[in-house]
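> From first to last, the protein sequence lines stand for chains A and B. Offset between the first sequence (1-based) and the numbering used here: plus 888. Offset between the second sequence (1-based) and the numbering used here: plus 2. Following this message is one structure expressed as structure tokens.
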Amino acid sequence: DAGVIQSPRHEVTEMGQEVTLRCKPISGHDYLFWYRQTMMRGLELLIYFNNNVPIDDSGMPEDRFSAKMPNASFSTLKIQPSEPRDSAVYFCASSLNTGGRETQYFGPGTRLLVL
Amino acid sequence: AQSVSQHNHHVILSEAASLELGCNYSYGGTVNLFWYVQYPGQHLQLLLKYFSGDPLVKGIKGFEAEFIKSKFSFNLRKPSVQWSDTAEYFCAVSGNTPLVFGKGTRLSVIA
């Protein structure tokens, strides 16, 4: 299995631009998670999906952030417009629900720098 | 909702020293506990996990963790660290929601 795939691995953009991060979960997994990691705030859960349906988006920082999961094998996290404080590493993770005992498998992350 | 506290932000050890990283959680129900490791420049990987049974859990690379219910703790230990253990370590708990991660502890092992 290829594991969780994220693209791009690195993104440098200017303030005000739209940024789209992509994730392909492990085949057969029914949960997908988006995290943001910064030095100041650590690892934060932004949103998660179950069977392509958003379950909890309370971690999404602002309306500038949106996430979609159009099918079981693809999800996007979009920031529009981007700001310098959005600079972080964004991780996608997936799991197979086992009633709370699931191991989450993380992708390699997208390192975002907003200038 | 559950929460996780990792008390040590940065730990520096010499090779062969013993390691113990603290993790405390807050949740009144049945919990599942995890330790993840993030090597420099890499993604998070599962180190070990506890669901039930023997409170002493052994993971990969010689790591172990002990669940002490009365102290709401799940500390990570390794008797002798190596330079290759340099990484960030995250404790996580799941109860009635998906995983909640602690802020992480950065471990630096020096020769």
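Beta carbons: idealized from backbone N, C-alpha and C, even for Gly.
#1: Quick check: does the Cβ of A:M928 come within less than 6 Å of any heavy atom belonging to the ligand MN?
#2: Contact criterion: CB-CB distance below 7 Å. Does A:L909 meet it with respect to chain B?
#3: Can you name, in chain order, every residue of its own chain whose Cβ lies under 7 Å from the Cβ of A:L1000, other than the five neighbours on each side?
#4: Exposed or buried, B:L1, counting other C-beta atoms within 10 Å across all chains shown (16 or more means buried)?
#5: State yes or no: is the C-beta of B:Y27 within less than 7 Å of the C-beta of B:V6?
#6: Quick one: residues in its chain with C-beta nearer than 8 Å to the C-beta of B:S20, no 5 flanking neighbours on either side, listed in chain order?
#7: Drop a sphere of 10 angstroms on the beta-carbon of A:E971, count the other beta-carbons inside from all chains shown, and report buried for 16 or more, exposed for fewer.
#8: Name the chain B residues whose beta carbon is nearer than 8 Å to that of A:E973?
#9: Against chain A, does B:G106 count as a neighbour if the rule is that its beta carbon must be under 7 Å from one of theirs?
#10: Return the first residue and the last residue of the beta strand (DSSP E) that A:I976 is part of.
#11: What number of angstroms, rounded off, separates the C-alpha of A:F937 from the C-alpha of B:S16?
#12: Tell me where the beta strand (DSSP E) around B:I120 begins and ends.
#13: 7 Å is my cut-off, CB to CB: does B:N10 come that close to chain A?
#14: Just to make sure I have the definition right: I need the residues of chain B whose C-beta is within less than 8 Å of the C-beta of A:Y936. Which are they?
#15: So B:W37 and B:L50 are in contact, right, with Cβ under 8 Å, and what is the actual spacing, rounded?
#16: Out of B:T107, B:S96 and B:V33, point me to the one whose CA is closest to B:G55's CA.
#17: Just to confirm, are A:K966 and A:S954 a CB contact at a threshold of 7 Å?
#18: With DSSP as the reference, identify every bridge partner of A:H898, one or two as the case may be.
For this structure:
#1: The model depicted lacks the ligand MN and carries no ligand whatsoever.
#2: Residue numbering aside, residue 909 of chain A sits at position 21 when the first sequence is read from its first letter. So no, A:L909 is outside the interface.
#3: As a position in the first sequence, residue 1000 of chain A is number 112, starting the count at 1. Around A:L1000: E899, V907, D974, S975, A976 and Y978.
#4: Since the first and last residues shown for chain B are 3 and 113, residue 1 of chain B lies out of range.
#5: Within the second sequence, residue 27 of chain B is the residue found at index 25, counting from 1. Within the second sequence, residue 6 of chain B is the residue found at index 4, counting from 1. Result yes, Cβ atoms of B:Y27 and B:V6 sit closer than 7 Å.
#6: What you label residue 20 of chain B is simply residue 18 of the second sequence in a count that begins at 1. Excluding residues up to 5 positions away in sequence, R79, K80, P81, S82 and V83 lie with their Cβ nearer than 8 Å to the Cβ of B:S20 in the same chain.
#7: As a position in the first sequence, residue 971 of chain A is number 83, starting the count at 1. By the Cβ-count criterion, A:E971 is exposed, with fewer than 16 other Cβ atoms from all chains shown falling within 10 Å of its own Cβ.
#8: Position 85 of the first sequence, counting from 1, holds the residue named residue 973 of chain A. A small correction: the amino acid at residue 973 of chain A is Arg; Glu does not occupy that position in the sequence shown. Listed by position along chain B, the residues whose Cβ is nearer than 8 Å to that of A:R973 form an empty set, because the closest Cβ is around 18 Å away.
#9: Position 104 of the second sequence, counted from the start, is the residue given in the question as residue 106 of chain B. With 7 Å as the cut-off, B:G106 counts as an interface residue toward chain A.
#10: As a working note, residue 976 of chain A is residue 88 in the first sequence. Inspection of the sequence shows that residue 976 of chain A is occupied by Ala rather than by Ile. That run of the beta strand (DSSP E) goes A976 to S983.
#11: Working through the first sequence from its first residue, we reach residue 937 of chain A at position 49. Working through the second sequence from its first residue, we reach residue 16 of chain B at position 14. Roughly 42 Å between the two C-alpha positions.
#12: Beyond the ends of chain B as shown, which are 3 and 113, falls residue 120 of chain B; an answer cannot be given.
#13: Counting from one through the second sequence, the residue named residue 10 of chain B turns up at place 8. Not a single C-beta of chain A is nearer than 7 Å to the C-beta of B:N10.
#14: Here residue 936 of chain A refers to the residue found at position 48 when the first sequence is read from its first residue. Chain B residues near A:Y936: P100.
#15: Numbered from its first residue, the second sequence carries residue 37 of chain B at position 35. Numbered from its first residue, the second sequence carries residue 50 of chain B at position 48. With a Cβ gap of about 5 Å, B:W37 and B:L50 count as contacting.
#16: Here residue 55 of chain B corresponds to residue number 53 of the second sequence, with the count starting at 1. Here the closest residue by C-alpha is B:V33.
#17: Mapped onto the first sequence, residue 966 of chain A falls at position 78. Mapped onto the first sequence, residue 954 of chain A falls at position 66. Taking a C-beta distance under 7 Å as the contact criterion, A:K966 and A:S954 qualify as a contact pair.
#18: The count along the first sequence starts at 1 and reaches residue 898 of chain A at position 10. Its beta-bridge partners are A:R999.
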